[in-house]
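Q: Before anything else, here's the structure in question.
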Amino acid sequence: MHCTFRDGILLFMADRKNFSRYNMRCGILLHAKKGNERISELKLPNLDSRYLVITGRDLPGNNTIQFFGRSMPLIAKETISFPEQVILALFAPDYESAELMMREIGLTTEALGEEAEEQDLPDTLEYGWGEMDENTDGKYRETETDFSLTRIARRNNKLFTVTAWMDGANMHIEAPTQWTDLIRDTVERATGYPKRNIIVHVLPYTSKHDEFLIAPAVFAAIAATATIKTGLPSEIRDEGFFSRPAVNVKRRVLLDEDSKPVFETAEMTVDQGAFAFLPEEYQRQAMTGLIPPYPLKGFRGSVKITSSPKPTASFCGSLGYSEALASTEYHISRLAEIAGTTPYLYRMMIEKEKRKFTDYIPGFDMDEQKKCLESVVRASSFDRKWSANTFQKEEFGLLGYLKGIGIASGAGISGFSTTLSKETGFYAMMTFTQKQNITINTSAMTHQKTMKLWKKRISDKIIPGRPEGVLFLDQGPDTLDTGPDVLSRLVSSFTLQLDNAAKRLNVIKDTEKLPVSLKFDAENTYYPCEFENSGYGAIACEVRIDKLSMIPSVYNIWGAFTFPTIMDRSSLENSLRRTIMMTLRENGMNIPLSFRIHLDISEDGTDDTISSVQQLARGLTLGALSNAMKQAAGRHASSLPITAEEINQAFREEKHED
Amino acid sequence: MKIDCTIDGKTLTLSLNSDKPLSLILRDNTGDNDTVNHCNGAMCGLCTVLVDGKVMLSCMVPAFEIRGKNVTTFESFRKSKNMKDIEKAYESVGSYPCPECYASRSLIFESLIDEGITNPEEILKELSIVKCPCMDPEDEIMIVRRGIEIRRKRNVRRSQFA
């Protein structure tokens, strides 16, 4: 490792790997096929010194990965909790030999039945306001809606490698990761190697979900153990995996004579799989999406987390806000159906100019959100298409019209909740040096393009026209932990923290002796509510189901978004497109060649927090898609993802019931 | 088996299994982990390479198929003048692929520009092997057409100087 002094600051420039692959051990993993099982026998072949097997018992330290106070085993020891859990790692001189040898390993398991491990889950989160009316006198019209998302758990076909090697007293890890400190922490716990001597080199990556958060840390701990045991560099190669939790939202609403909602209860149940990571934060995010944007005399919301022997749910760039927002949008469209009007007109009727202030989201003006909605409605001819589809559906009684259009609108939220920010205390440090340069000590090293934009924003505030004078320190033992790069946190709330720190540093640099440093953390973004709203959007989605194959296809998406500040328009547009497409594909939609996304993005010029683009776009796409599918496929197709077979079944049931 | 081939301008003699996919050869033997994915034939479209100038999904190409052939990955293609033409076309249209599919899409654009294909259907069909949705089909067609123009102008300029 090189250590250099620049402007009186020690910079650690860790060497990247520079060794022959012939002196390396290549590792592959054996994953479980089913969850809730016991390993009854693990038969290993006779292995010579070129091979190494690592099971849960071979780790010198703790066999756990800890994440915000909750833990999960790195390798299954006796019981297999969920499918895809790592059972063992096999290292060989090359991958072909490892794969051939893996075939010789015999694994016998037996079902655990009902004796599944008890998970430590948080209590149901409840929130509400007003006195609820039980409608005993039949004054109100009562209706119920049900929104469901089925679990998605699959590999993402993206191969990635994690390499570990030793260089003197240091353990180097090279991996694509969304949180370098989690890797250092996990490797320290698993191997006993001091954290200070663990250096992480971040490989470039693009993650659609949060697949580079937990898996790289698990693989790094295993690879580091292999390196310690063999004395040789070790590499693990595996595919990324993601899992979306199963979600169900039941709402009961009392409507007055104008079909306006007066009292409402919303119960959300989330199955987070075998282990729950950040369940309390999930509850807070989900509750924020669950609170309806229209005024109510009384509201009761609850979010319950459950567990099952299924793969642990990744955040999927949302942590529940998107799913809850989609459920609210789905619910509004169902109420519009009851009222006999289009969802757009119904929204305009029930939504006021200002949203109610709650503990989770402040009472903001609905003006910008309504503008986005209007823009989308105009561009897509929403009202006309919605009405035509509804009338035609009645005409085509037997098979249905098989066309649907759906709409959703909402506000974005940024990063983590205030409660979590207070608990965690991630921070970074900005220094103004004697040579009039700015150095930033942070573990948040994202993509080059983002860092270039950050450099420009910071230099504009302190050293105008000299972005090259802003330096992000390389990762080393003294790197400060700025937290994980999930929920677009680093491009949303962290950008605001950098901005605020730059402003403060610009003032104190003239009053104090140089070099002058400033520590900044999430405290700068504490709000009276759990989340601050920022950015608004609306999406309309047009779906058609093929009459012969029953395959649902999305033909058009219209989107309108308003953000406070747009740092890079084309990146933002790309990010929105990617999120929309990813959500559509994830939910079983076919994308024909003629598919188009029509986006209208504007900037409102305010200096507000920048919201997570993914969370908002994902929630709105999911909401609009559910509404469109509901119109196209009828009342039984309320769960996503949906397949052609399920649509067929839904029609058969509908016919049978009629 | 031993296979002689040229990868990114380097003539190599590789000793490997005859059915090893090209994507894994590139990852294991040339260390190209960043620009070549291996989805095991799941058609992710993120493992494209140029084999004798033609776009191919490297996870579908077995080792014996590259014997005596010239393989170009994005790692070396990014430094070429042809890539500059594509970058100019991106800039001129105002749209570019996301970091995930940048390498694959650029190589497909190169093959389309090289063959001078302007038919929208053919362009979209060829580009449909990349499943990433970050670009508008209209923009993709424009990029190919603009790329052909830029390439033609460069070739004319070169022949004039010659």
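Protein sequences appear in the order of chains A and B. Following the numbering used here, the numbering of the first sequence begins with 371 at its first residue and continues without gaps. Following the numbering used here, the numbering of the second sequence begins with 12 at its first residue and continues without gaps. Glycine included, each C-beta is placed from N, C-alpha and C at the ideal position.
Go ahead and pull the three-state DSSP assignment for E902 of chain A.
A: For the purposes of this step, residue 902 of chain A is taken as residue 532 along the first sequence, with counting starting at 1. Reduced to three states, the DSSP call for E902 of chain A is coil.
Q: What residues from chain B crowd round R947 of chain A, counting only those whose CB sits closer than 7 Å?
A: Taking the first residue of the first sequence as 1, we reach residue 947 of chain A at position 577. Chain-ordered, the chain B residues with CB closer than 7 Å to the CB of R947 of chain A read P144 and C145.
Q: Does the beta carbon of E466 of chain A come closer than 8 Å to any beta carbon on chain B?
A: Residue 466 of chain A sits at position 96 when you count from the first residue of the first sequence. Output row for E466 of chain A: interface = yes.
Q: Under three-state DSSP, which class holds T520 of chain A?
A: Translated into positions along the first sequence, residue 520 of chain A becomes position 150. Here T520 of chain A sits in coil by DSSP.
Q: I'd like to know whether the C-beta atoms of A462 of chain A and E407 of chain A end up nearer to each other than 8 Å.
A: Walking along the first sequence from the start, residue 462 of chain A turns up at place 92. Walking along the first sequence from the start, residue 407 of chain A turns up at place 37. No, these two residues do not count as a Cβ contact at 8 Å.
Q: Suppose you measure from the CA of G158 of chain B to the CA of D493 of chain A; what does that come to, to the nearest Å?
A: Position 147 of the second sequence, counted from the first residue, corresponds to residue 158 of chain B. Position 123 of the first sequence, counted from the first residue, corresponds to residue 493 of chain A. Roughly 59 Å between the two C-alpha positions.
Q: By the DSSP assignment, the beta strand (DSSP E) with M937 of chain A in it spans what residues?
A: On the first sequence, residue 937 of chain A is found 567 positions in, with the first residue counted as 1. Unbroken run through M937 of chain A: none, as it is neither H nor E.
Q: Starting from N997 of chain A, follow the alpha helix (DSSP H) in both directions and report where the run begins and ends.
A: Your numbering for residue 997 of chain A matches position 627 in the first sequence. First-last of the alpha helix (DSSP H) with N997 of chain A: V983 to A1003.
Q: Once DSSP output is grouped into helix, strand and coil, what is the label at N555 of chain A?
A: Position 185 of the first sequence, counting from 1, holds the residue named residue 555 of chain A. The question names Asn, but residue 555 of chain A in the sequence shown is Asp. D555 of chain A: helix per DSSP, three-state reduction.
Q: For the beta strand (DSSP E) containing M718 of chain A, list its first residue and its last residue.
A: Within the first sequence, numbered from 1, the residue matching residue 718 of chain A stands at position 348. Element bounds for M718 of chain A: not the beta strand (DSSP E) but the alpha helix (DSSP H), P713 to I720.
Q: What residues of chain A sit near S139 of chain B, judged by a beta carbon separation below 9 Å?
A: Here residue 139 of chain B refers to the residue found at position 128 when the second sequence is read from its first residue. Those are L963, listed as they occur along chain A.
Q: Using DSSP with H/G/I as helix, E/B as strand and the rest coil, what is N1030 of chain A?
A: The requested residue 1030 of chain A does not occur in the structure, where chain A is confined to residues 371 to 1028.
Q: My parser needs the beta strand (DSSP E) runs of 3 or more residues fully inside the region 786-822 of chain A; what are they?
A: Whole beta strand (DSSP E) segments, 3+ residues: 797-802 and 808-811.
Q: What do you get for K528 of chain A, buried or exposed, if any count of 16 or more other CB atoms within 10 angstroms of its CB means buried?
A: Counting from 1 along the first sequence, the entry for residue 528 of chain A is found at position 158. With 16 or more other Cβ atoms within 10 Å, it is buried.
Q: Can you check whether the C-beta of E133 of chain B is within less than 8 Å of a C-beta belonging to chain A?
A: What you label residue 133 of chain B is simply residue 122 of the second sequence in a count that begins at 1. No, E133 of chain B does not count as interfacial toward chain A.
Q: On the criterion of 16 or more Cβ atoms from any shown chain inside 10 Å, does F75 of chain B qualify as buried, or is it exposed?
A: By one-based count along the second sequence, residue 75 of chain B stands at place 64. In this structure F75 of chain B is exposed. Its beta-carbon is surrounded by fewer than 16 other beta-carbon atoms within 10 angstroms.
Q: Measure the alpha-carbon distance for V877 of chain A versus Y421 of chain A and round it to whole angstroms.
A: As a working note, residue 877 of chain A is residue 507 in the first sequence. As a working note, residue 421 of chain A is residue 51 in the first sequence. Here the alpha carbon of V877 of chain A sits roughly 60 Å from the alpha carbon of Y421 of chain A.
Q: Is DSSP giving R725 of chain A helix, strand or coil here?
A: Position 355 of the first sequence holds residue 725 of chain A. Of the three classes helix, strand and coil, the one that applies to R725 of chain A here is coil, per DSSP.
Q: What residues are listed by DSSP as bridge partners for P443 of chain A?
A: Here residue 443 of chain A refers to the residue found at position 73 when the first sequence is read from its first residue. The partner list for P443 of chain A (beta bridge, DSSP) reads A:T434.
Q: Nearest chain A C-beta to K21 of chain B closer than 8 Å, yes or no?
A: To locate residue 21 of chain B, count along the second sequence from 1; it is residue 10. No, its Cβ sits nowhere closer than 8 Å to a Cβ of chain A.
Q: What number of angstroms, rounded off, separates the C-alpha of I708 of chain A from the C-alpha of L990 of chain A?
A: Translated into positions along the first sequence, residue 708 of chain A becomes position 338. Translated into positions along the first sequence, residue 990 of chain A becomes position 620. I708 of chain A and L990 of chain A: Cα-Cα distance of roughly 22 Å.
Q: Rounded to the nearest angstrom, what separates V167 of chain B and R38 of chain B at their Cα positions?
A: Here the question's residue 167 of chain B lines up with position 156 in the second sequence. Here the question's residue 38 of chain B lines up with position 27 in the second sequence. Computed Cα separation, rounded: 38 Å.
Q: Hey, is E102 of chain B's beta-carbon within less than 8 Å of any beta-carbon in chain A?
A: Locating residue 102 of chain B in the second sequence gives position 91, counting from the first residue. No - not a single Cβ of chain A is within 8 Å of the one on E102 of chain B.
Q: Reducing DSSP to helix, strand and coil, say where S91 of chain B ends up.
A: Here residue 91 of chain B refers to the residue found at position 80 when the second sequence is read from its first residue. The answer is coil: DSSP assigns S91 of chain B none of H, G, I, E or B.
Q: Which one of A:F437, A:R607, A:A534 and A:K879 has the shortest CA to CA distance from S684 of chain A?
A: Locating residue 684 of chain A in the first sequence gives position 314, counting from the first residue. Comparing Cα-Cα distances from S684 of chain A to each of A:F437, A:R607, A:A534 and A:K879, the minimum goes to A:F437.
Q: From this set, A:G690, A:Y497 and A:E651, which residue's C-alpha is nearest F669 of chain A's C-alpha?
A: The count along the first sequence starts at 1 and reaches residue 669 of chain A at position 299. Closest by alpha carbon: A:Y497.
Q: Using 8 Å for Cβ pairs, my map puts F842 of chain A next to T852 of chain A. What's the rounded Cβ distance?
A: Here the question's residue 842 of chain A lines up with position 472 in the first sequence. Here the question's residue 852 of chain A lines up with position 482 in the first sequence. No, F842 of chain A and T852 of chain A are not in contact; Cβ-Cβ is about 11 Å, not under 8 Å.
Q: Closer than 8 Å, CB to CB, is N894 of chain A near chain B or not?
A: In the first sequence, residue 894 of chain A corresponds to position 524, counting from 1. Confidence in N894 of chain A is poor, its pLDDT being 49 and thus under 50, which makes the residue's placement too unreliable to answer from.
Q: Provide the residue(s) that pair with N926 of chain A in DSSP beta bridges, ordered along the chain.
A: For this step, residue 926 of chain A is matched to residue 556 along the first sequence. Paired residue(s): A:E912 and A:R966.
Q: Under a three-way DSSP split, which group does N894 of chain A fall into?
A: As a position in the first sequence, residue 894 of chain A is number 524, starting the count at 1. Its pLDDT being 49, under 50, N894 of chain A is placed unreliably by the model, and the measurement read from it follows with that caveat. Three-state DSSP puts N894 of chain A in a helix.
Q: Once DSSP output is grouped into helix, strand and coil, what is the label at F685 of chain A?
A: Counted from its first residue, the first sequence places residue 685 of chain A at position 315. Coil, per DSSP.
Q: Pairing CB atoms from the region 817-825 of chain A with CB atoms from the region 927-934 of chain A, are three or more of them under 8 Å?
A: no
Q: Answer yes or no: does any C-beta atom of chain A fall closer than 8 Å to that of D39 of chain B?
A: If you number the second sequence from 1, residue 39 of chain B lands on position 28. It does: the Cβ of D39 of chain B has a partner Cβ on chain A nearer than 8 Å.
Q: Between E448 of chain A and the rest of its own chain, which residues show a CB-CB distance below 7 Å, the 5 nearest in sequence each way excluded?
A: Locating residue 448 of chain A in the first sequence gives position 78, counting from the first residue. Correct list, in chain order: R408 and I409.
Q: Should T576 of chain A be flagged as near chain B, meaning a C-beta pair shorter than 8 Å?
A: In the first sequence, the residue the question calls residue 576 of chain A occupies position 206. It does: the Cβ of T576 of chain A has a partner Cβ on chain B nearer than 8 Å.
Q: Quick one: give me the first and last residue of the alpha helix (DSSP H) that C742 of chain A is part of.
A: As a first step, residue 742 of chain A is located in the first sequence; it is residue number 372 there, counting from the start. Where C742 of chain A is concerned, the enclosing alpha helix (DSSP H) stretches over D737 to S750.
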